[in-house]
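Data first, discussion second: the structure below is written as structure tokens.
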Amino acid sequence: MLYVLTGEDAPGQLDVRMAVRPAHLARLEKLRDEGRLVVAGPMPAIDSPDPGPAGFFGSLVIAEFPSQAEAEAWLAADPYVANGVFARTSVRPYKKVLP
Numbered sequence: 001m002l003y004v005l006t007g008e009d010a011p012g013q014l015d016v017r018m019a020v021r022p023a024h025l026a027r028l029e030k031l032r033d034e035g036r037l038v039v040a041g042p043m044p045a046i047d048s049p050d051p052g053p054a055g056f057f058g059s060l061v062i063a064e065f066p067s068q069a070e071a072e073a074w075l076a077a078d079p080y081v082a083n084g085v086f087a088r089t090s091v092r093p094y095k096k097v098l099p
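Its first residue numbered 1, the sequence shown is counted upward by one per residue in full-length UniProt numbering.
Listed below in structure tokens is the structure:
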């Protein structure tokens with residue numbers, strides 16, 4: 001089943017986010033290579049594709065996992081979670097309708 005995984009950035013964590021980004025992307029690339037990733041990306045804190053020092057509100061991932069528990073475990077092991085980039089996270093089941 002598909003799940004929506006979201007993380008909301010903690011204040012003042014932009015430098016940490018950027019430092020651990022390569023490890024975060026490697027995990028997403030693995031999901032992509034396994035054919036399980038639908039979409040993933042950051043949500044800028046301001047209305048700009050490059051928010052600069054304003055940073056990011058958070059991140060969104062939609063991917064396939066065998067269960068919600070496994071999606072939650074995957075997110076819990078993410079470098080953004082482990083290094084305190086995210087103040088809050090959530091995992092919700094998702095049913096794709098379009099396209």
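Just so you know, even glycine gets a beta-carbon here, dropped at the ideal spot from N, CA and C.
Values in this document were obtained by computation on a predicted structure and should not be read as measured data.
Bridge partner(s) assigned by DSSP for residue i
i: glycine 84; result: Glycine 84 pairs with nothing; no bridge assigned.
i: serine 34; result: This sequence places glutamate at residue 34; serine is not what is there. Glutamate 34 is not bridged to any residue.
i: serine 59; result: Gly7 and Pro42
i: proline 93; result: Tyr3
i: glutamate 64; result: Leu2
Nearest neighbour of residue i, chosen from the options [CA to CA]
i: aspartate 78; options: Leu31, Val97, Leu2 and Pro51; result: Leu31
i: proline 11; options: Arg92, Glu70, Val61 and Phe57; result: Phe57
i: alanine 87; options: Val4, Leu2 and Val16; result: Val16
i: isoleucine 62; options: Ala54, Pro42 and Val20; result: Pro42
i: alanine 54; options: Gln13, Leu98, Leu2 and Tyr3; result: Gln13
i: valine 20; options: Lys96, Gly84 and Val97; result: Gly84
i: alanine 40; options: Pro66, Val97, Leu25 and Val81; result: Leu25
Outcome for residue i when other beta-carbon atoms lying within 10 angstroms are tallied against a minimum of 16
i: aspartate 9; result: buried
i: leucine 75; result: buried
i: serine 90; result: exposed
i: serine 48; result: exposed
i: glycine 7; result: buried
i: serine 59; result: buried
Distance CB(residue i)-CB(residue j) smaller than 8 Å
i: leucine 5; j: alanine 71; result: yes
i: methionine 1; j: glutamate 64; result: yes
i: proline 99; j: tyrosine 3; result: no
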